[in-house]
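Shown next, in structure tokens, is the structure this report addresses.
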Amino acid sequence: MEQLSVNQGNGQSTGYILYETVITGGGVLNSDGHVKDRGQVFLDDKYIGVLDDAHQRLILHNDHHKEFLTLRILVENQGRLASGTSMNQERKGLTGNIYLNSSPLRKFKIYSLEMQNKFIQRKIPNIWKPSFLHAEGPAFFLALLRVGSQPKDTFMSLRGWTKGVVFINGQNLGRYWNLGPQETLYLPGPWLKPGLNEIIVFEEFKSALLIYFSNVSQLGSCPARTRPPAAQGGRGRCPHRPRSREVQEGEPSETVSRAAPAALPTVGPPGCAAQTPRGPGPRLSWRRVFCVLFLPLVSSSFAPPAKHRNNFIFEHRKLHPNPRRFDWSHLTPCQLKNRSRGIQTEERAGRNPYFTLEGHEFLILGGSVHYFRVPRASWRDRLLKLRACGFNTVATYVPWNLHEPQRGTFDFSRNLDLEAFILLAEEVGLWVILRLGPYICSEMDLGGLPSWLLQDPTSQLRTTNRSFVNAVNKYFDHLIPRVAPLQYHRGGPIIAVQVENEYGSFYKDTAYMPYLLQALLQRGIGGLLLTADSTEEVTRGHTEGVLATINMKGFKVDSFKHLYKLQSHKPILIMEFWVGWFDTWGSDHKVMGVNEVEKSVSEFIRFGISFNVYMFHGGTNFGFMNGATSFEKHRGVTTSYDYDAVLTEAGDYTTKYFALRNLFESILVRPLPPLPSPTPKTVYPSLKLSHYLPLWEALPYLQRPVTSNVPLNMENLPINNGNGQSFGFALYEMTICSGGRLYANAQDEAQVFLNETSLGILTDVYQDIDIPPITECQLLRILVENQGRVNFSWKIQNQRKGLIGPVTLDKIPLSRFTIYSLELKMTFFKKLRSAAWRPLRGPTSSPAFHLGTLMAGSSPQDTFLQLPGWKHGCVFINGHNLGRYWNIGPQEALYLPGSWLQPGTNEIVLFEKEKSSSDIYSTDIRRWVVPGPDSILH
1 MEQLSVNQGN GQSTGYILYE TVITGGGVLN SDGHVKDRGQ VFLDDKYIGV
51 LDDAHQRLIL HNDHHKEFLT LRILVENQGR LASGTSMNQE RKGLTGNIYL
101 NSSPLRKFKI YSLEMQNKFI QRKIPNIWKP SFLHAEGPAF FLALLRVGSQ
151 PKDTFMSLRG WTKGVVFING QNLGRYWNLG PQETLYLPGP WLKPGLNEII
201 VFEEFKSALL IYFSNVSQLG SCPARTRPPA AQGGRGRCPH RPRSREVQEG
251 EPSETVSRAA PAALPTVGPP GCAAQTPRGP GPRLSWRRVF CVLFLPLVSS
301 SFAPPAKHRN NFIFEHRKLH PNPRRFDWSH LTPCQLKNRS RGIQTEERAG
351 RNPYFTLEGH EFLILGGSVH YFRVPRASWR DRLLKLRACG FNTVATYVPW
401 NLHEPQRGTF DFSRNLDLEA FILLAEEVGL WVILRLGPYI CSEMDLGGLP
451 SWLLQDPTSQ LRTTNRSFVN AVNKYFDHLI PRVAPLQYHR GGPIIAVQVE
501 NEYGSFYKDT AYMPYLLQAL LQRGIGGLLL TADSTEEVTR GHTEGVLATI
551 NMKGFKVDSF KHLYKLQSHK PILIMEFWVG WFDTWGSDHK VMGVNEVEKS
601 VSEFIRFGIS FNVYMFHGGT NFGFMNGATS FEKHRGVTTS YDYDAVLTEA
651 GDYTTKYFAL RNLFESILVR PLPPLPSPTP KTVYPSLKLS HYLPLWEALP
701 YLQRPVTSNV PLNMENLPIN NGNGQSFGFA LYEMTICSGG RLYANAQDEA
751 QVFLNETSLG ILTDVYQDID IPPITECQLL RILVENQGRV NFSWKIQNQR
801 KGLIGPVTLD KIPLSRFTIY SLELKMTFFK KLRSAAWRPL RGPTSSPAFH
851 LGTLMAGSSP QDTFLQLPGW KHGCVFINGH NLGRYWNIGP QEALYLPGSW
901 LQPGTNEIVL FEKEKSSSDI YSTDIRRWVV PGPDSILH
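Residue numbers 1 to 938, in UniProt numbering, belong to the letters of the sequence shown in order.
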């Protein structure tokens, strides 16, 4: 503080100081003792914890939906030493480096919060907003106190508040803190003036709604501690102090009353009001806080000035609780035969805007189920469970890459029969929200875009680039005629269609979203059209003429601020309410507590907010459909898309399911449908694999290899009718006649072999490896695995796989490559049956296929496969790709649907990349690596 260039070069003496910088990822934040005296840490306005002398480390979690994160540290000077030899070291603020993952943070923007009289009295009425609920700080709260003609001394009590500072008519009354012992602040009568007096409270943590006044000082007691609850990560009051009770009428010490949310007489800045005192005699009463100003909103009043202040200004709309019970039994697809209006929005005085269906008030209670992640034989079971839980709508994405694997070749059969899924939802009694894309994210490879789009170096994904929109138009020409007849106004169950997905986080072309909207309208899509974006990016992703919706992981009033600014007269729809999260290989298994989910859903219902649970049932990333993240490093999404959802990956009930069912039962007049029977599981006898085939001996059974003078990435291999390779592995062979330092840009992971001897692994991070000296020319082999293309952010533009660019040996480019495509499709495994398999007598340590038999009996049932001792590879059942396994976790077992098995003998093949075992075990319980504390979602 002392070195800030403020106050004519004299620095800052007292108060707070806010440090702000931008980071690209999470990790360990270490203050190294340089926070003086106490600093609150925020990541994109989310409270993380407190740093002080006793607590110098915090964990910052990544937000996988954002490229950049804003780190803020609000440091309080709690007072300098008044005596002793340490007075010379009493500098405040950040007194040295702050480290993230051992690297010092730089480029701080610093705001001086001295909170002097001239700042407190500054008129900024346009950005105060009404406060109707308890709010999280740091924030300024405004109230007006009406005093008679002869102001007298009093004491102010802030019960329910946590920690902060109070200002009376611009004068700093002092600090309060609920850890005690002081419970009231002395307010001298001379500081008050007859009539209206302005009270501003700067609350660091959690506010209350009332301020109390008394004619008796209260110096309570609180058991000694070294740290308040807030400093330990919580933000509440002192846990050992009894809660303040309402003082009954006639008690002499003070007068209190519960504030009602009704409008108050307007006095002072627009939107703020005063309340006439209640209670007899000269005693002062409670005062309701009716305006709030969050700290980021007023940072422009500090030095240096913040940019884009208008981006933070919004009018806060009051949310009215809705205690009604609903009867939607006649509002189901099968019941509604006479249709005219569909989903509409209405607004009436005194209540929140709401949806109607055929004129009846309607709350969309949606749950996401992706048909392409669920075996077709299980569709009915999952949808019946959705209906029995109390939901009235199912939402699903539509993956372009699976439906058009090659240009002009479309697949809407078997597990990709979209029309059959929609009609089944209608039969079960569910409405449908269709999320068409073309981009869907959904932790799918390339966000659901076909990889052949990457062949054209001039194409710009998710823009109006001619190459991209031409491909979109041809896809829509085939897709839309399939789903348009299933829309509500044509007698079908589709009540809403989403335009693209989360474009606000991409936002490369302002013409793109309007173009897509017109593309849908021209092909017959109508009714309720939506966009979906994060709470912070909703204004960028929205396009005129559609309803903006938002994605979020929990109910917070402040999360709606940008949505209110965009469309304050429309009902709220949470398109994705995240009840869990996806997993990536090598990370902790992510979970979210049932209480947090139940609390948010209760608030949504209470305020008439429609929502879609993401995911109700996550399912499985069968085969190679998974996407990836790329923050600190590339991480593929696991085969399981369990998502800690309401139903498990295998369709089993969870505590979240029963909590939500009980909640929905409480708001519905009619009883819910009976619960479907649990999905049976079984344990098959352990499998001992009998034969194996080294990869090198399987090469003749692949399609003819490609020869090229330079390495070709997967997408540009001249195979699949010119569409390249989308998934799997690629093997590059070349002849070398000397050793040296090998360089290759391998995406995503490559094993390097000299003939059949393993030399090591290349990744997107480690791109060099030593080749030992050799005396004669030998075969260099590089086996590259595509572990999933990034599915989010601008990085999708550069997701080519295989070897990218030149391969050099001692900086000399290598040439004459023979390239094998290992897509591992069913046709390959049919050919492989005629190969000369070797008996398996022990573990193998090179890439190989391993063959065994699973006996399923007469009625196959679901199970899970465990592979102890195996390291990294894929499992195939009767030629179907079950998905990847990897011993780095967190997933420890693969879900095997009973519908994939046939009675009696089933062929099982494992492609193991590194080190095999000989046994596979069946279990009826899904298994994850035990999650650590960092895996709990908050």
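The C-beta atom is built at its ideal place from N, Cα and C for all residues, glycine as well.
Terminal residues of the continuous beta strand (DSSP E) containing residue i?
| i | result |
| --- | --- |
| residue 921 | 919-923 |
| residue 167 | 163-168 |
| residue 693 | 691-694 |
| residue 874 | 872-877 |
| residue 143 | 139-147 |
| residue 156 | 154-157 |
| residue 752 | 749-754 |
| residue 47 | 46-52 |
| residue 741 | 740-743 |
| residue 174 | 171-177 |
What whole-angstrom Cβ distance do residue i and residue j have, given they're in contact under 8 Å?
| i | j | result |
| --- | --- | --- |
| residue 95 | residue 34 | 5 Å |
| residue 208 | residue 899 | Incorrect: roughly 56 Å between the Cβ atoms, too far for contact. |
| residue 343 | residue 496 | 6 Å |
| residue 174 | residue 185 | 6 Å |
| residue 715 | residue 725 | 7 Å |
| residue 625 | residue 368 | Residue 625 to residue 368, Cβ: 16 Å. No contact. |
| residue 476 | residue 523 | 6 Å |
| residue 896 | residue 882 | 6 Å |
How is the alpha helix (DSSP H) around residue i delimited, first residue to last?
| i | result |
| --- | --- |
| residue 639 | Where residue 639 is concerned, there is no enclosing alpha helix (DSSP H), given that its DSSP letter is neither H nor E. |
| residue 831 | 826-832 |
| residue 16 | Looking at the DSSP string, residue 16 is not in any alpha helix (DSSP H); the run it does join, the beta strand (DSSP E), is 16-23. |
| residue 82 | Element bounds for residue 82: n/a, residue is neither H nor E. |
Would DSSP call residue i helix, strand or coil?
| i | result |
| --- | --- |
| residue 206 | strand |
| residue 445 | helix |
| residue 253 | Per-residue confidence for residue 253 stands at a pLDDT of 33, beneath the threshold of 50, marking its modelled position as unreliable; no derived number is given. |
| residue 941 | The chain is shown only over 1 to 938; residue 941 falls outside these bounds and no answer can be derived. |
| residue 345 | strand |
| residue 783 | strand |
| residue 892 | coil |
| residue 881 | strand |
| residue 724 | coil |
| residue 612 | strand |
| residue 523 | coil |
| residue 401 | helix |
| residue 498 | strand |
| residue 106 | coil |
| residue 795 | helix |
Could you tell me whether any non-hydrogen atom of the ligand MN is closer than 7 Å to the CB of residue i?
| i | result |
| --- | --- |
| residue 593 | Within the structure as shown, the ligand MN is missing, as the structure has no ligands at all. |
Taking buried to mean at least 16 other C-beta atoms within 10 Å of its own C-beta, is residue i buried or exposed?
| i | result |
| --- | --- |
| residue 811 | exposed |
| residue 68 | exposed |
| residue 576 | buried |
| residue 436 | buried |
| residue 766 | exposed |
| residue 153 | exposed |
| residue 592 | buried |
| residue 164 | buried |
| residue 735 | exposed |
| residue 478 | exposed |
| residue 137 | buried |
| residue 85 | exposed |
| residue 583 | buried |
| residue 112 | buried |
| residue 299 | For residue 299, the pLDDT reaches just 40, beneath the cut-off of 50, and the residue's location in the model is therefore unreliable, although a value from the coordinates is still provided. Buried: at least 16 other Cβ atoms inside 10 Å. |
| residue 98 | buried |
| residue 106 | exposed |
Problem set entry | Cβ contact check for the stretch 616-624 and the stretch 367-377: 3 or more pairs under 8 Å | Verdict: yes, contact present.
For this session: Kindly confirm or deny that the stretch 752-767 and the stretch 820-838 touch, where touching means at least three C-beta pairs closer than 8 Å.
Result: Verdict: no, contact absent.
Exercise. Between the stretch 676-693 and the stretch 398-407, are three or more C-beta pairs nearer than 8 Å?
Worked result: Fewer than three Cβ pairs drawn from the stretch 676-693 and the stretch 398-407 lie within less than 8 Å of each other, which leaves the two stretches out of contact.
For this session: Would you be able to state if there are at least three C-beta pairs under 8 Å between the stretch 155-164 and the stretch 178-197?
Result: The stretch 178-197, when compared against the stretch 155-164, does touch it at the 8 Å Cβ threshold.
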